[in-house]
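If you're matching positions, the sequence shown starts at 1 in my numbering and goes up one per residue. Just so it is clear, CB atoms sit at the ideal spot from N, CA and C, and this is done for glycine as well. Worksheet: the structure to be examined is printed underneath.
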Amino acid sequence: VQLQASGGGLVQAGGSLRLSCAASRRISSINFMGWYRQTPGKQRELVARITNGGSTEYADSVKSRFTISRNIAENTVDLQMSSLKPEDTAVYSCNAFYWGRNVWGQGTQVTVSS
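Here it is, written out as structure tokens:
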């Protein structure tokens with residue numbers, strides 16, 4: 001599978017952004033799809049992920065502010081980010097895990113100004 005991410009940018013604190021990840025295969029066949037983020041000097045961390053059954057998981061730091069969703073017909077997984085904080089600034093990457101394979105899309109920069 002190939003993943004194409006889009007939607008990053010610069011936003012003020014309190015604002016919103018929507019990230020989208022387009023997959024080259026049916027996402028219903030992918031065990032997990034999710035979004036991770038990384039800042040310089042830190043390990044990549046899970047932000048949110050969704051299973052092929054529709055179950056979701058969020059990092060504690062983004063619960064109630066971020067929502068992950070999928071569009072099976074379009075093979076996309078989106079991350080709606082609201083009430084953004086400067087500490088959400090990072091490179092966000094889309095991930096797919098299926099058949100034991102871990103696939104990453106290119107990162108997209110999200111910058112939240114205070």
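- Message: Checking 8 Å against the spacing of the C-beta atoms, do W104 and L3 come in under that value?
- Response: Within the sequence shown, numbered from 1, the residue matching residue 104 stands at position 104. Within the sequence shown, numbered from 1, the residue matching residue 3 stands at position 3. Yes, they are a contact pair.
- Count the other C-beta atoms from every protein chain shown that fall within 10 angstroms of the C-beta of W99, then say buried if there are 16 or more, exposed otherwise. By one-based count along the sequence shown, residue 99 stands at place 99. Its Cβ having fewer than 16 others within 10 Å, W99 is exposed.
- Query: N71: which of E87, K63, R65, N52 sits nearest, CA to CA?
  - Reply: Residue numbering aside, residue 71 sits at position 71 when the sequence shown is read from its first letter. Of the listed residues, the one whose Cα sits closest to N71 is N52.
- Indicate whether L10 and S113 have their beta-carbon atoms separated by less than 8 Å. Position 10 of the sequence shown, counted from the first residue, corresponds to residue 10. Position 113 of the sequence shown, counted from the first residue, corresponds to residue 113. A contact, by the Cβ cut-off of 8 Å.
- Assign D60 to buried or exposed, taking buried as 16 or more other Cβ atoms, counted over all protein chains shown, within 10 Å of its Cβ. Stepping through the sequence shown from its first residue, residue 60 is reached at position 60. With fewer than 16 Cβ atoms within 10 Å of its Cβ, D60 is classed as exposed.
- Task: Only counting runs of 3 or more residues, tell me where the beta strand (DSSP E) segments fall wholly within the region 40-76, in order along the chain.
- Result: Within the region 40-76, the beta strand (DSSP E) runs of at least 3 residues that lie entirely inside it are, in chain order, 45-51, 56-58, 66-71.
- Candidates G107, I30, K42, S83: closest to V1 by CA position: Here residue 1 is taken as the residue at index 1 of the sequence shown, counted from 1. V1 has its Cα closest to that of I30, out of G107, I30, K42, S83.
- Given a cut-off of 8 Å, decide if A73 and M33 are closer than it, judged by their beta-carbon atoms. One-based indexing of the sequence shown puts residue 33 at position 33. One-based indexing of the sequence shown puts residue 73 at position 73. No; because the gap between Cβ atoms is not below 8 Å, this pair is not in contact.
- Query: Tell me which same chain residues have a C-beta within less than 7 Å of the C-beta of S118, skipping the five on either side of it?
  - Reply: Residue 118 falls outside the range modelled here, since the chain spans only 1 to 114, and no answer is possible.
- Message: My output table needs one value for S20: the three-state DSSP class, helix, strand or coil.
- Response: Here residue 20 refers to the residue found at position 20 when the sequence shown is read from its first residue. Here S20 sits in strand by DSSP.
- Query: Does the separation of the CB atoms of L84 and L19 fall below 8 Å?
  - Reply: What you label residue 84 is simply residue 84 of the sequence shown in a count that begins at 1. What you label residue 19 is simply residue 19 of the sequence shown in a count that begins at 1. Using a Cβ distance threshold of 8 Å, L84 and L19 do not count as a contacting pair.
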